[in-house]
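> Once you've had a glance at the structure underneath, I'll fire off some questions.
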Amino acid sequence: MERHTTLGEFIIENQKDFPYAKGELSALLSSIKLAGKMVNEKINKAGLSQILGKAGQENIQGESQAKLDVMANEIFVSTLRNRGEICGLASEELEDYLVFEDDIHKNAEYIVLIDPLDGSSNIDVDITVGTIFSIYRRITPKGTKAELMDFLQPGNKQVAAGYLIYGTSTILVYTTGNGVNGFTFDPGIGSFFLSHPDIKFPPVGNTYSVNEGNYVHFPQGIKKYIKWVQELNEEENRPFTSRYTGSLVADFHRNMLLGGIYLYPQGTTAPKGKLRLLYECNPMAFLAEQAGGKASDGFRRIMELQPEELHERAPFICGNKEMVEKAEEFMQKE
Ligand code: P6P
Numbered sequence: 003m004e005r006h007t008t009l010g011e012f013i014i015e016n017q018k019d020f021p022y023a024k025g026e027l028s029a030l031l032s033s034i035k036l037a038g039k040m041v042n043e044k045i046n047k048a049g050l051s052q053i054l055g056k057a058g059q060e061n062i063q064g065e066s067q068a069k070l071d072v073m074a075n076e077i078f079v080s081t082l083r084n085r086g087e088i089c090g091l092a093s094e095e096l097e098d099y100l101v102f103e104d105d106i107h108k109n110a111e112y113i114v115l116i117d118p119l120d121g122s123s124n125i126d127v128d129i130t131v132g133t134i135f136s137i138y139r140r141i142t143p144k145g146t147k148a149e150l151m152d153f154l155q156p157g158n159k160q161v162a163a164g165y166l167i168y169g170t171s172t173i174l175v176y177t178t179g180n181g182v183n184g185f186t187f188d189p190g191i192g193s194f195f196l197s198h199p200d201i202k203f204p205p206v207g208n209t210y211s212v213n214e215g216n217y218v219h220f221p222q223g224i225k226k227y228i229k230w231v232q233e234l235n236e237e238e239n240r241p242f243t244s245r246y247t248g249s250l251v252a253d254f255h256r257n258m259l260l261g262g263i264y265l266y267p268q269g270t271t272a273p274k275g276k277l278r279l280l281y282e283c284n285p286m287a288f289l290a291e292q293a294g295g296k297a298s299d300g301f302r303r304i305m306e307l308q309p310e311e312l313h314e315r316a317p318f319i320c321g322n323k324e325m326v327e328k329a330e331e332f333m334q335k336e
């Protein structure tokens, strides 16, 4: 019986992907794998262990934190702190970045940005949520404390990025710039196994994911694009199908496997959109491009945007290359 490769074996077999790392990046991915297993375990019994609902706190975004949000953040922070591969970490759930100051961490090569539980408003209604991570090589010299400049790097400097999707199964999807691979968790064995090798967007997509409740606030170009996808045109397979779960990881994952486009545009109430550039847009953009897709703000490549603030937002259009380019065409005509 053919046995699937485990994530650990895959990382070892692909050490060549990390030309500069002496195993640190591999160890860092293993730490994320471990934290993902721990979050997965909490999520799968959330309804039973009174960790549903709000934790009564607010995160930096002013969003009330669900208990699982807080727990997921604590799990990733403690797991990554316990392993010595990073000198600092920034999280959607933390106002400021964390600096790990002991000697081991000060000499570490990498920093991580994370959205520990994206789509967490779906937790209480048992809809798919996810963790998103983004990994950079530090800019500051080893042996010193991490600084803000280490975190404010454009997405094209990422050395790795990925997500865990906690859905009907739990899958870890990541890239190190050498394609995108997905690993499904087998709870019986406690390991992730290669289930989605070398993921690529299908050549054509006809699903669009956008919160149409915000239509009145959208820029004219997006309004016209949405009307266009809803027009009858059998040759071009329109109207497209609408699928929007309220969870970026779930919508992105489906669109990457089956073809589609996700849009969170700017609007009059959200001048730069809602999604955070550093730990939502950039990691998903890295994955999208590695899978043959595209990610832009309607005008510029997401991974070329120069971040100014840790929690800054960006308009986000991501998916099949030709679908994103069509939306850009409408945006740029206005
Ligand atoms: P809205 C979740 O909060 C998130 O960041 C993404 O996962 C999701 O796609 C989006 O926001 C949903 O936002 O405004 O449509 O509820």
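Each residue of the sequence shown is one higher than the one before, starting from 3 at the first, in the working numbering.
Where is the CB? At the ideal position from N, CA and C, for every residue including glycine.
Confirm, please, whether the CB-CB distance from Trp230 to Arg240 is below 9 Å.
Residue 240 sits at position 238 when you count from the first residue of the sequence shown. Residue 230 sits at position 228 when you count from the first residue of the sequence shown. Yes, these two residues count as a Cβ contact at 9 Å.
> What residue range is occupied by the uninterrupted alpha helix (DSSP H) comprising Ser28?
For this step, residue 28 is matched to residue 26 along the sequence shown. Looking at the DSSP string, the run of the alpha helix (DSSP H) that includes Ser28 is Glu26 to Ile45.
> Do Arg303 and Ala287 have their C-beta atoms closer together than 9 Å?
If you number the sequence shown from 1, residue 303 lands on position 301. If you number the sequence shown from 1, residue 287 lands on position 285. It is a contact, given that the beta carbons lie within the stated cut-off.
> In terms of residue numbering, what span does the alpha helix (DSSP H) encompassing Thr81 cover?
Position 79 of the sequence shown holds residue 81. Where Thr81 is concerned, the enclosing alpha helix (DSSP H) stretches over Lys69 to Asn84.
> Pick out whichever of Leu70, Glu87, Ile77 and Arg139 has its Cα sitting closest to the Cα of Ser122.
Taking the first residue of the sequence shown as 1, we reach residue 122 at position 120. Restricting attention to Leu70, Glu87, Ile77 and Arg139, the CA atom closest to the CA of Ser122 is found in Leu70.
> Using the beta carbon as the reference atom, which residues fall closer than 5 Å to any heavy atom of the ligand P6P, ordered along the chain?
The set of residues whose C-beta lies within less than 5 Å of a heavy atom of the ligand P6P reads, in chain order, Asp120, Gly121, Asn213, Gly248, Ser249 and Leu250.
> Determine the closest residue to Ile173 out of Asn61, Phe195 and Pro143, with distance taken between C-alpha atoms.
Counted from its first residue, the sequence shown places residue 173 at position 171. The residue with the shortest Cα to Cα distance from Ile173 is Phe195.
> Decide if Leu234 is buried, meaning its Cβ has at least 16 other Cβ atoms within 10 Å, or exposed.
Translated into positions along the sequence shown, residue 234 becomes position 232. Classification of Leu234: exposed, given that the 10 Å Cβ count is below 16.
> Measuring alpha carbon to alpha carbon, tell me which residue in Ala297, Arg315 and Asp120 is nearest Ala329.
Numbered from its first residue, the sequence shown carries residue 329 at position 327. Closest option to Ala329, judged by alpha-carbon separation, among Ala297, Arg315 and Asp120: Ala297.
> Is Val127 closer than 9 Å to Val251 when the C-beta atoms are compared?
Here residue 251 refers to the residue found at position 249 of the sequence shown. Here residue 127 refers to the residue found at position 125 of the sequence shown. Against a cut-off of 9 Å, the Cβ pair of Val127 and Val251 comes out as no contact.
> By the three-class DSSP mapping on this structure, what secondary structure does Ser171 have?
Numbered from 1 along the sequence shown, position 169 holds the residue referred to as residue 171. Ser171: coil per DSSP, three-state reduction.
> What number of angstroms, rounded off, separates the C-alpha of Gly10 from the C-alpha of Ser32?
As a working note, residue 10 is residue 8 in the sequence shown. As a working note, residue 32 is residue 30 in the sequence shown. Each residue's alpha carbon lies about 7 Å from the other.
> Suppose only complete runs of 3+ residues qualify. What are the beta strand (DSSP E) ranges in the region 251-293, listed by chain order?
263-266
> Do you know how far the Cα of Gly295 is from the Cα of Ile88?
On the sequence shown, position 86 is the one that residue 88 refers to. On the sequence shown, position 293 is the one that residue 295 refers to. Each residue's CA atom was taken as its position, placing Ile88 and Gly295 some 29 Å apart.
> Exposed or buried, Gln292, counting other C-beta atoms within 10 Å across all chains shown (16 or more means buried)?
As a working note, residue 292 is residue 290 in the sequence shown. So Gln292 counts as buried.
> If contacts are defined as beta-carbon pairs under 8 Å, then Asn257 and Ser211 qualify, I think. What distance do you get, rounded to the angstrom?
The residue labelled residue 257 in the question sits at position 255 within the sequence shown. The residue labelled residue 211 in the question sits at position 209 within the sequence shown. Correct: roughly 6 Å between the Cβ atoms.
> Okay, do the region 304-323 and the region 185-194 touch, 3+ Cβ pairs below 8 Å being the bar?
no
> Going by DSSP in three states, Ile304 sits in which element: helix, strand or coil?
Counting from 1 along the sequence shown, the entry for residue 304 is found at position 302. Helix.
> Output yes or no for whether 9 Å exceeds the beta carbon distance between Ile129 and Thr209.
Counting from one through the sequence shown, the residue named residue 129 turns up at place 127. Counting from one through the sequence shown, the residue named residue 209 turns up at place 207. Not closer than 9 Å, so no.
> Are there 16 or more other CB atoms within 10 angstroms of the CB of Pro189, so buried, or fewer, so exposed?
Here the question's residue 189 lines up with position 187 in the sequence shown. By the neighbour-count rule (16 or more Cβ atoms within 10 Å), Pro189 is not buried but exposed.
> What is the DSSP secondary structure of Glu238, counted as helix, strand or coil?
Reading the sequence shown from its first residue, position 236 is the one you call residue 238. In the structure shown, Glu238 sits in a helix (DSSP, three-state: H, G or I).
> Does Gln17 come out as helix, strand or coil in the three-state DSSP assignment?
Working through the sequence shown from its first residue, we reach residue 17 at position 15. In this structure, Gln17 counts as helix in the three-state DSSP scheme.
> My assumption, with CB atoms under 8 Å, is that Asn75 sits in contact with Glu60. Please give the rounded CB distance.
Position 73 of the sequence shown, counted from the start, is the residue given in the question as residue 75. Position 58 of the sequence shown, counted from the start, is the residue given in the question as residue 60. Between Glu60 and Asn75 the Cβ distance is about 13 Å, and since that is not below 8 Å, they are no contact.
> Check whether the Cβ atoms of Leu312 and Leu280 lie closer than 9 Å to each other.
For this step, residue 312 is matched to residue 310 along the sequence shown. For this step, residue 280 is matched to residue 278 along the sequence shown. Yes, the Cβ-Cβ distance between Leu312 and Leu280 is below 9 Å.
> Closest by CA to Phe254, which one among Gly169, Tyr112 and Glu97?
Residue mapping note: residue 254 aligns to position 252 of the sequence shown, counting from 1. Closest by alpha carbon: Gly169.
> Can you pull the DSSP bridge partners for Lys296?
In the sequence shown, the residue the question calls residue 296 occupies position 294. Looking at the DSSP assignment, Lys296 forms a beta bridge with Gly321.
> When burial is assigned at 16 or more other CB atoms within 10 Å of the CB, is Ser249 buried or exposed?
Here the question's residue 249 lines up with position 247 in the sequence shown. Its Cβ being crowded by 16 or more others within 10 Å, Ser249 is buried.
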